[in-house]
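Presented below is the structure to which this report refers.
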Amino acid sequence: MRNYKKNYSCSFCGKSGVKLWRPPMDVSPLACASCSEQLQVVPTHELVVDLCKEPRLIPAILDEDDNFEDINFASAEDIEQWAFLPTK
Ligand SMILES: [Zn+2]
Numbered sequence: 032m033r034n035y036k037k038n039y040s041c042s043f044c045g046k047s048g049v050k051l052w053r054p055p056m057d058v059s060p061l062a063c064a065s066c067s068e069q070l071q072v073v074p075t076h077e078l079v080v081d082l083c084k085e086p087r088l089i090p091a092i093l094d095e096d097d098n099f100e101d102i103n104f105a106s107a108e109d110i111e112q113w114a115f116l117p118t119k
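Heads up, the final residue of the sequence shown is numbered 119 in our numbering, and it's a clean run with no missing numbers.
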């Protein structure tokens, strides 16, 4: 069961219940859109996955077992559930 409530919060401000991003090769730190912007990791408008270039942050999508999964392997349903979360 995907659980975007438990243990799914921003590593910087602790915000939960929103979309979070993570580094491409790691599962931490998790960053919300506001912190990504504030830390100038990546501006919010760039938090859209462009599969043509190496992203600095990728969507922290959970699979059915609450493990982070690669967006390339995520099911449409998994992506949908993540996309359903508010951005901020
Ligand atoms: Zn944050």
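In this text, a Cβ means the ideal position worked out from N, Cα and C, and glycines have one as well.
Buried or exposed (CB count within 10 angstroms, at least 16 for buried), residue i
i: residue 31; result: The structure shown does not extend to residue 31, since the chain is modelled only from 32 to 119, so the question has no answer here.
i: residue 82; result: Below a pLDDT of 50, predicted positions are generally treated as unreliable, and residue 82, at 47, falls in that range; no measurement from the model is reported.
i: residue 36; result: exposed
i: residue 44; result: exposed
i: residue 203; result: Because the chain in this structure spans residues 32 to 119, residue 203 falls outside the shown range and cannot be described.
i: residue 114; result: exposed
i: residue 121; result: This structure cannot settle anything about residue 121, because the visible part of the chain is limited to 32 through 119.
Where the alpha helix (DSSP H) containing residue i begins and where it ends
i: residue 110; result: 107-114
i: residue 95; result: First-last for residue 95: undefined, no H or E at that position.
i: residue 65; result: 64-69
Span of the beta strand (DSSP E), counted from its first residue to its last, around residue i
i: residue 51; result: 51-53
Proximity to residue i [Cα-Cα], best of the options
i: residue 59; options: 106, 110, 100, 34; result: 100
i: residue 117; options: 63, 38, 69; result: 63
i: residue 57; options: 90, 105, 33, 112; result: 90
i: residue 33; options: 92, 102, 51, 104; result: 92
Beta-bridge pairing of residue i - partner residues as DSSP gives them
i: residue 47; result: 40
i: residue 89; result: 53
i: residue 99; result: 93
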